[in-house]
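Chemist: The listed protein sequences correspond, in order, to chains A and B.
So the first sequence is numbered by the working numbering: it starts at 1 and just counts up by one.
So the second sequence is numbered by the working numbering: it starts at 1001 and just counts up by one.
Where is the CB? At the ideal position from N, CA and C, for every residue including glycine.
Submitted below is the structure of interest, expressed as structure tokens.
2 protein chains.
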Amino acid sequence: MSNRERILQTARRLAIEAGSVPSLGAVATASGVSKGGLMHHFRSRAALLDGIAAQAIEAMDEALAAAVERGNVTETWLRLSMSREDADLYRALLVSFTDSGSTTEALLRRSAEATQRWERLIADEVGDPVAAAAIRLLGDGIVMNSVTGDRLPPLESVLEWLKPRTGRN
Amino acid sequence: MSNRERILQTARRLAIEAGSVPSLGAVATASGVSKGGLMHHFRSRAALLDGIAAQAIEAMDEALAAAVERGNVTETWLRLSMSREDADLYRALLVSFTDSGSTTEALLRRSAEATQRWERLIADEVGDPVAAAAIRLLGDGIVMNSVTGDRLPPLESVLEWLKPRTGRN
DNA sequence: GTTACACGACCGACTGGTCGGTCGGTTGTG
DNA sequence: CACAACCGACCGACCAGTCGGTCGTGTAAC
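Structure representation (structure tokens):
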């Protein structure tokens, strides 16, 4: 594995653990490279965040593409939203974007595009754009709620509740 | 208005504008008090966050209490979630909680309690705990989505979509 | 009625520490 | 030699929290 990849992996893990992407020094140390080494691969903090986000978006794209073939995009979306690890990562990224002034315009745009892509996949499955938007937003809400660790309704009951409103009738 | 109140108001406004609660110095300056003056009223950054959150929670409690009498808790919940100002404030608070190490245990608990309170109000109205949870999470998702400024489906269509799944049948 | 004192509100310089980013230099490989 | 990968000391900005001090007011002793 290249050092660049190792840095990305480590940063991802630290972000999940800490709830936000830690300092560049911390990421460098944990990755086993010097600060200069990190800066060689990522010219700024924004570039690092960008890299982590790109990785996360790609992973979600792949998971949903596989779900399309299985015909359970909605379930996969909600299941991943409930996943501790993924939720933590997405929340950490959101925090890092919002908080620092290091948000790239390009990153925001790519993030918005990914969101639209995923919502379209859901819409293709449930056949109703409003339902698709609601399901996507429901997932985002689930992600955000893991901050306080609230009890969530089990996935099955949510899908059951969703049922009469989805599926091409 | 007391200086304490003025600080709280200013901090709230800055948080909405900035997407996170700014530094104590910035809040102090914008409030027209010195750093020491701010520290006199709020002994730590955590205390300030706590104060802002308490204010926000109280405002939401009042809005929902009024909605109960009007019988439109669900609509009010979603409408406030879509409100630019409220969404920005809640997101800023969430960011500040997650990011810094200054999250109070008490604050997290009070926040979780408020969440439960609101979800119960929704459940009372729609008569289905799963639907209530979904509606609450939907609102949270809407709040989080205003980061990227995605287009949201209009409130009316969401309520329309919700209709067959709510109301005591 | 004035002097003395206590007290809360408020001030702003300062401290200790963190962080993003820079830079001159070294290593290793084609 | 050239060039990319990598190192780590260093810089300046910033930030939360501290501290010694000022000022106005209420209160009580004389």
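By the three-class DSSP mapping on this structure, what secondary structure does P1154/B have?
Modeler: Three-state result, P1154/B: coil.
Chemist: Are the C-beta atoms of N145/A and some chain B residue less than 8 Å apart?
Modeler: Judged by the 8 Å Cβ criterion, N145/A is in contact with chain B.
Chemist: Using a Cβ-Cβ cutoff of 8 Å, what residues of the stretch 72-86 of chain A are near chain B? List them in chain order.
Modeler: Going along the stretch 72-86 of chain A in chain order, one finds no residue with a Cβ nearer than 8 Å to chain B.
Chemist: If we ignore side chains and look at the alpha-carbon of each, how far apart do R45/A and V1068/B end up?
Modeler: Roughly 47 Å between the two C-alpha positions.
Chemist: Does any residue of chain A have a CB that is nearer than 8 Å to the CB of I1122/B?
Modeler: Closer than 8 Å: no.
Chemist: For the alpha helix (DSSP H) that contains P164/A, what are its first and last residues?
Modeler: Premise fails: P164/A is in no alpha helix (DSSP H) and is neither H nor E.
Chemist: Check this for me: beta carbons of I52/A and A26/A, under 8 Å apart or not?
Modeler: No, Cβ-Cβ distance for I52/A and A26/A is not below 8 Å.
Chemist: From this set, W161/A, D140/A, E85/A, A47/A, which residue's C-alpha is nearest T189/A's C-alpha?
Modeler: Here chain A comprises residues numbered 1 to 169, so residue 189/A is not present and cannot be evaluated.
Chemist: Considering only the beta carbon of each residue, do A133/A and E113/A sit closer than 8 Å?
Modeler: Cβ distance not < 8 Å, so A133/A and E113/A don't count as in contact.
Chemist: To the nearest angstrom, how far is the alpha carbon of S83/A from that of L155/A?
Modeler: If you take the alpha carbons of S83/A and L155/A, they lie about 11 Å apart.
Chemist: So N1072/B packs on L137/A, CB below 8 Å; how close in whole Å?
Modeler: Not quite, the Cβ-Cβ distance comes to about 20 Å (not below 8 Å), so this is no contact.
Chemist: Which residue from L78/A, A59/A, E58/A, L38/A puts its Cα closest to that of I122/A?
Modeler: Considering only alpha carbons, the answer is L78/A.
Chemist: On a Cα-Cα basis, can you pick out the residue from A66/A, T103/A, A28/A, T148/A that is closest to T1104/B?
Modeler: Among A66/A, T103/A, A28/A, T148/A, the Cα nearest to that of T1104/B is on T148/A.
Chemist: Pick helix, strand or coil for R43/A, following the three-state DSSP scheme.
Modeler: It is coil, neither helix nor strand.
Chemist: Any beta-carbon of chain B closer than 8 Å to the one on P22/A?
Modeler: Answer no: the Cβ-Cβ gap between P22/A and chain B never drops below 8 Å.
Chemist: Determine, for L155/A, whether the minimum Cβ-Cβ distance to residues of chain B falls below 8 Å.
Modeler: Output row for L155/A: interface = no.
Chemist: Run through the stretch 37-89 of chain A for me and flag every whole alpha helix (DSSP H) of 4 or more residues, listed as ranges in chain order.
Modeler: Correct list: 45-70, 73-82.
Chemist: So the alpha helix (DSSP H) G172/A belongs to, where does it begin and stop?
Modeler: Residue 172/A lies beyond the range of chain A shown here (1 to 169); nothing can be said about it.
Chemist: I need the straight-line Cα distance from M1039/B to R91/A, nearest angstrom please.
Modeler: The straight-line gap from Cα to Cα measures roughly 30 Å.
Chemist: Please report how far the alpha carbon of R1070/B lies from the alpha carbon of A1131/B, in whole angstroms.
Modeler: One C-alpha to the other measures close to 20 Å.
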